[in-house]
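Peer 1: Could you have a look at this structure, given as structure tokens, before my questions?
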Amino acid sequence: MAALTRLTLLAPLLLLAACSGHGDESDNAPDPVALVALGAVEQGPVARTVSLYGMVDAGPSGTIALAAPAEATVSQIVAPVGTHVGAGQAVVVLSPSPATRVDLAKAASDASAADKALARAQRLRSDGLASDADVETARATAQSADALARSMRTRTSGLTLRAPAAGVVQAIAHQPGDLVPAGTSVATIARLGDLRAHFGVDPGVARQIRPGAPIRVMVTNSAAPIEVTVQSVDPVVDPQTRLASLYARLPGDAGLAAGETLSGTIDTGAVGNALTVPYAALLDDGGQPYVYVVAGGVAHRHDVDTDVASGDRIAIIKGVRAGEKVVTQGGTALEDGMKVRTR
């Protein structure tokens, strides 16, 4: 009985000791350590780089319009938009409209009648029944009628519109069956070798750009950029995009065609003596940019204000100091005050 009593008294003490032992194990567990890569906060001049987006345009002298020589209907589109065509290649086939057919028949009939009138005036003159003036009047009428008939034949025989030079079909203004008035543009050809890049830029940025400034142009599906220079800046704002226009001549061997999309970058100046961090160090929390600064093996969150980006670095207005180390890899898994070790 005495032994049972002693066990009863010792049980709470044993339980307390057991609980105390588990508590010591929890307290002694190591803090989590994150594996990160670091970059430095540097100070120096930073190029103010602006991203550009645009497309390939035909140069000022590189656009060729193919117009209907007479009123006609569109019969066939041989070369749709985007087709590369050679000199003399058919682009659109037209056929005379009913009105044009009537005009052609009338011109031929008038020319025939005028020729007969001239011949009659000449016979009458030889018989002394008409004057020289009568003959000259008939001759002038016949010449005018013949010229009109030849013009109509020439125009209606040229209803297959062909590319006068090698290029790319940039636009087709009509569809098969459309009635096209005489002189109306039916198709547009962008001449090869006379292309330019057309970028839309903020009007404020446009005022900072001068002809001759270098642009690095990236072409879709091409790894290597094209180095070109600004040809001209048009400060007039497009009413739809609210952007000014920037133009640059493209090399003829770039393999580009009008209508292709482009992107690029241009430096518009420099920010002197700015603090920069690797762009990879920048994180975002609901619109608030921040970085993790590492000191003594511990990462501390620093909210920052950013400025311009230049290459793979971005300028920081406030939030860091020169020489500090910032996390460039592994930052998304960190919390403020977490211990870190470098890769």
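FYI, in mature numbering (1 follows the signal peptide of the UniProt record, and there is no 0) the residues of the sequence shown are -17 to -1, 1 to 326. Backbone N, C-alpha and C fix where the C-beta goes; we use that ideal spot for every residue, glycine too. From a predicted model like this one, the values you see are computed outputs, not experimental measurements.
#1: Going by Cα to Cα distance, which pick from 295, 266 and 129 is closest to residue 286?
#2: Based on the DSSP secondary-structure assignment, which residues constitute the bridge partners of residue 321?
#3: Spatial neighbours of residue 306 within its chain, please: CB distance less than 8 Å, with the 5 preceding and 5 following residues excluded, ordered by chain position.
#4: I'd like to know whether the C-beta atoms of residue 39 and residue 170 end up nearer to each other than 8 Å.
#5: Who are the near neighbours of residue 67 in its chain, counting only those whose CB is closer than 7 Å to its CB and skipping five residues on each side?
#6: With three or more beta-carbon pairs closer than 8 Å as the criterion, would you say the region 143 to 158 touches the region 230 to 248?
#7: List in chain order: all unbroken alpha helix (DSSP H) runs of 4+ residues lying wholly within the region 96 to 155.
#8: Could you spell out where the beta strand (DSSP E) holding residue 28 opens and where it closes?
#9: Identify the continuous alpha helix (DSSP H) that holds residue 189 and give its terminal residues.
#10: When the Cα atoms are used, what is the spatial distance from residue 77 to residue 222?
#11: Of all the options 109, 298 and 174, which has the alpha carbon lying nearest to the alpha carbon of residue 263?
#12: Whose C-beta lies closer than 7 Å to the C-beta of residue 134 among residues of the same chain, with five residues either side of it excluded?
#13: Flag this pair as yes or no: are the beta carbons of residue 187 and residue 213 separated by less than 8 Å?
#14: Name the DSSP beta bridge partners of residue 255, please?
#15: Does residue 233 come out as helix, strand or coil in the three-state DSSP assignment?
#16: Answer with buried or exposed for residue 330, where buried requires no fewer than 16 other C-beta atoms within 10 angstroms of its C-beta.
#17: Name the residue from 315, 319 and 248 whose alpha carbon lies nearest to the alpha carbon of residue 277.
#18: To which residues of the same chain is residue 5 closer than 7 Å at the C-beta, ignoring the five residues directly before and after it?
#19: Might you give, ordered along the chain, the residues of its own chain that have their beta carbon closer than 8 Å to the beta carbon of residue 302, omitting 5 neighbours on each side?
#20: Below 8 Å on the Cβ atoms is my guess for residue 249 versus residue 33; work out the distance and round it to an integer in Å.
#21: Among 71, 226, 225 and 82, whose alpha-carbon lies nearest the alpha-carbon of residue 62?
#22: Report the rounded CA-to-CA distance for residue 356 versus residue 175, giving the unit in angstroms.
#23: For the beta strand (DSSP E) containing residue 296, name the first residue and the last one.
#24: By how many angstroms is the C-alpha of residue 155 removed from the C-alpha of residue 246?
#25: Which one or two residues does DSSP pair with residue 285 in a beta bridge?
#26: Going by the beta-carbon positions, is the gap between residue 229 and residue 35 smaller than 8 Å?
#27: Ordered along the chain, which non-local residues of its own chain (more than five positions away) have a Cβ less than 7 Å from that of residue 104?
#28: Using alpha carbons as the reference points, say which of 95, 28, 37 and 56 lies closest to residue 227.
#29: Quick check on this structure: which residue in 220, 279 and 258 has the alpha carbon closest to the alpha carbon of residue 291?
Peer 2: Judging by the given coordinates:
#1: 266
#2: DSSP, once it has assigned bridges, lists no residue as partnering residue 321.
#3: 23 and 24
#4: No.
#5: The beta carbon of residue 67 lies closer than 7 Å to those of 151 in the same chain, with the five residues before and after it left out.
#6: Result yes; three or more Cβ-Cβ pairs closer than 8 Å.
#7: 115 to 140
#8: 25 to 41
#9: That run of the alpha helix (DSSP H) goes 186 to 189.
#10: 36 Å
#11: 298
#12: Hits under 7 Å: none found.
#13: no
#14: According to DSSP, residue 255 shares a beta bridge with no other residue.
#15: Of the three classes helix, strand and coil, the one that applies to residue 233 here is coil, per DSSP.
#16: Residue 330 lies beyond the range of the chain shown here (-17 to 326); nothing can be said about it.
#17: 319
#18: With a pLDDT of 49 at residue 5, under the threshold of 50, the predicted position of this residue should be treated as unreliable, and no value is reported.
#19: 273, 274, 285, 286, 287 and 288
#20: 5 Å
#21: 71
#22: Because the chain is modelled from -17 through 326, residue 356 falls outside the range shown and cannot be assessed.
#23: 296 to 301
#24: 26 Å
#25: Residue pairing by DSSP places residue 285 opposite 274 in a beta bridge.
#26: yes
#27: 113, 117, 118 and 121
#28: 37
#29: 258
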